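Residue numbers (our numbering): 217 to 642. We put the CB at the ideal spot given by N, CA and C, even for glycine. Everything numeric in this text was worked out from a predicted model, so none of it was measured.
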Amino acid sequence: MTRGRTSMGWTPPQRAAWTETLGAGDMPPLTDELDRPFDPDLLLGEARARNGSTETESGDGDPEFRDGFDRLLYSLEHEANLDRVGRWWAHTWVARLLDVRSQVARYVREDPGVLDEMIERPIFVTGGPRTGTSILHALLAQDPANRVPTTWEFLRPVPPPEPATRDSDPRIALAEREIRFVTSAVPAMDAIHEKSGTLPKECISAHALAFRSEDFTGQFAIPGYAAWLAQCDMRPAYRYHRLVLQILQRRTPPGRRWVLKSPAHLLTLDALVDVYPDARLAVTHRDPLTVLASLSSLIATIHHAYGNPSDIRDVARTQTDLWCTAYDRLTAFRDAGRIAESDWHDSAYADFMRDPIAVVRELYATFGLDLEADAEHRMRDHLAARPQGKHGKHRYLFDDLGLDRDDIRSRLADYQKRFRVPTEEI
């Protein structure tokens, strides 16, 4: 199989010319820098030097942190098969996470009262990937009564944002520079997933600070880390997530409710409600075969951006196993009754695409919330400004995945029946 074509039907989009120059090692001395190993002790030492932090502040003595951190770096070094572009990105990402952990530890030491901040009755939007969770989250962000974390806030939460400057904080530009890396490497990514420093951000970015996150497995082919993540205790990640929220709301007027989002919550609902026992869940649903086709295309494209070209069929098999597990866990969690009926809202993708405001109204009614006229007007304006396909069309085919339709249908029959998920033509 030649580099750049990973199945008979799916071809990854073109990478920018600069990635080939960097990948070929034609940019010394940057090349030597990028060939550095993913050595845990080396990177922690560099982080302490950058931040003037102690071993305690860097998390060096925290076994929960070191477990995920060490496993991730091992997989990046020995499994991910990254070219120099991918290694540069991974080093940059890990360095930022370590810097933020030091900043968080220092902030808590200087303002221990932040730990008393209450996170009450948060709403978590979840559902399979590519089922409308992002646009639903973005719509809920238009309601001034809701507090939704933006990309820049989850990437750099310290110091707490000031309400007066939240829309002009200089950290927005830093976030933009970081998240635009993927689209600068593969411009076609804009059509697959919109990114911006001021858009709502998924919870997996906060989980990444605990080094227990699907954020890593979604971007790198790291099966060893992924296998560990699938069975590890995720409560440390949710506790760190809660700490980030406490910091973010420290200077915010009281009364706004948090609205949070990630498809990965489906895998860890028990851990979520252990840390957030009064959580409310808004769950989106779509034919899982469509989900797998779209998601596999997205992840294979991301792997390609980092110089780790994956066969889309391998990606599809991995994602099928992961999300069949997620849907099984969702069904078992729902049947276990850990969430009251009044704290659970289901919505179908087709219904949402047909009338998103109607679905939002139903969600508010389920949770006993008032949808003010101004908030609904803002939501309609948001939809009008962002028509589907604004950044191009994401094209994908289930037949490219090499999966057996009947087998997948059988594996997911209980989920589709339990939540009345219609089958789509794909």
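- [ ] Ignore the nearest five residues each way along the sequence and tell me which others in Tyr441's own chain have a CB closer than 6 Å to its CB.
- [x] So the qualifying residues of the chain are Arg287, Leu288 and Ser291.
Task: Residues that Thr366 bridges to, as DSSP identifies them - done: Looking at the DSSP assignment, Thr366 forms a beta bridge with Pro416.
Open item on the list: I believe Leu497 touches Pro376 by the beta-carbon criterion, under 8 Å. Please report the beta-carbon distance rounded to the nearest angstrom.
Closed with: So it is not a contact: roughly 27 Å between Cβ atoms.
TODO: Compare the Cα-Cα distances from Pro525 to each of Asp299, Trp305, Ala361 and Ala548 and report the closest residue.
DONE: The shortest C-alpha to C-alpha distance from Pro525 to any of Asp299, Trp305, Ala361 and Ala548 is the one to Asp299.
Open item on the list: Using 7 Å as the threshold, is the C-beta distance between His457 and Ala422 below it?
Closed with: Yes.
Open item on the list: With H, G and I counted as helix, E and B as strand and the rest as coil, what does DSSP make of Asp559?
Closed with: Here Asp559 sits in helix by DSSP.
TODO: Could you have a look at Phe436 and say whether DSSP puts it in helix, strand or coil?
DONE: Residue state for Phe436 is assigned as coil, using DSSP reduced to three classes.
Task: Strand pairing of Thr500, partner residues [DSSP] - done: For Thr500, the beta-bridge partners assigned by DSSP are Gly343 and Ser563.
Open item on the list: Is the beta carbon of Thr517 closer than 7 Å to that of Ile642?
Closed with: The Cβ atoms of Ile642 and Thr517 do not sit closer than 7 Å to each other.
- [ ] Determine which residues share a DSSP beta bridge with Lys477 and list them.
- [x] Answer by DSSP bridge pairing, in chain order: Val341.
Task: Per-residue burial, Thr227 [other beta carbons within 10 Å of its own, 16 or more giving buried] - done: Its Cβ having fewer than 16 others within 10 Å, Thr227 is exposed.
Open item on the list: Just to confirm the assignment, what range does the alpha helix (DSSP H) spanning Arg282 have?
Closed with: Going by DSSP, Arg282 is part of the alpha helix (DSSP H) stretching over Pro279 to His294.
Open item on the list: Quick check on Gly523: buried or exposed, where buried means 16 or more other Cβ atoms within 10 Å of its Cβ?
Closed with: Result: buried.
Open item on the list: What residue range does the alpha helix (DSSP H) around Lys411 cover?
Closed with: Segment: none, Lys411 is in no alpha helix (DSSP H) and carries neither H nor E.
Open item on the list: Which same chain residues end up closer than 6 Å to Leu371 when comparing Cβ atoms and leaving out the 5 residues on each side of it in sequence?
Closed with: When the five nearest sequence neighbours on each side are left out, the beta carbons in the same chain lying within less than 6 Å of the beta carbon of Leu371 are those of Ala391, in order along the chain.
Open item on the list: Taking 7 Å as the threshold (beta carbon to beta carbon), is Asp559 in contact with chain C?
Closed with: In summary, chain C is missing from the structure at hand, where a single protein chain is found.
- [ ] Closer than 6 Å by C-beta to Lys633: which residues in its own chain qualify, once you throw out the five before and the five after it? Chain order, please.
- [x] Counting only Cβ-Cβ distances below 6 Å, and skipping sequence neighbours, we find nothing.
TODO: Express the C-alpha separation of Arg554 and Arg182 in angstroms, rounding to a whole number.
DONE: Summary: the structure shown does not reach residue 182, with the chain confined to residues 217 through 642, and so no result is reported for it.
TODO: Can you give me the Cβ contacts of Asn297 inside the same chain, cut-off strictly under 6 Å, excluding the 5 residues immediately before and after it?
DONE: Listed in chain order, the non-local C-beta contacts of Asn297 below 6 Å within the same chain comprise Asn524, local neighbours out to five positions each way being set aside.
- [ ] Please classify Ala357: does DSSP put it in a helix, a strand, or coil?
- [x] It is coil, neither helix nor strand.
- [ ] Could you check which residue in Arg570, Ser384, Pro360 and Ala521 has the C-alpha nearest to that of Arg396?
- [x] If you compare the alpha carbons of Arg570, Ser384, Pro360 and Ala521 with that of Arg396, the shortest gap goes to Ala521.
Open item on the list: Beta-carbon within less than 7 Å of Asp562's beta-carbon, same chain only, minus the 5 sequence neighbours each way: which residues are those?
Closed with: Counting only Cβ-Cβ distances below 7 Å, and skipping sequence neighbours, we find Val499, His501 and Phe635.
Task: Three-state secondary structure assigned by DSSP to Val374 - done: In the three-state reduction of the DSSP assignment, Val374 falls in the coil class.
Open item on the list: Count Cβ pairs between the region 537-547 and the region 561-579 that sit closer than 8 Å; are there 3 or more?
Closed with: No, the region 537-547 does not touch the region 561-579.
TODO: Starting from the Cα of Ala552, find the closest Cα among Leu485, Asp571 and Asp590 and give me that residue.
DONE: Minimum Cα distance to Ala552 is reached at Leu485.
TODO: Take every Cβ of the region 357-374, pair it with every Cβ of the region 315-329, and state whether three or more of those distances are shorter than 8 Å.
DONE: Touching, per the Cβ criterion.
Open item on the list: Beta-carbon within less than 8 Å of Arg219's beta-carbon, same chain only, minus the 5 sequence neighbours each way: which residues are those?
Closed with: No answer about Arg219 holds up, because its pLDDT of 36 lies below 50 and its placement is not dependable.
Open item on the list: Within 10 Å of its beta-carbon, does Gly434 have 16 or more other beta-carbons around it, so buried, or fewer, so exposed?
Closed with: Under this definition Gly434 is a buried residue.
Open item on the list: So, under 8 Å CB-CB, Trp368 and Arg387 are touching, yes? Tell me the CB distance rounded to an integer number of Å.
Closed with: Correct: roughly 5 Å between the Cβ atoms.
Open item on the list: Judging by CA-CA distance, which residue of Ala548, Glu378 and Leu587 is the nearest neighbour of Gly362?
Closed with: According to the sequence displayed, residue 362 carries Asn and not Gly. Restricting attention to Ala548, Glu378 and Leu587, the CA atom closest to the CA of Asn362 is found in Leu587.
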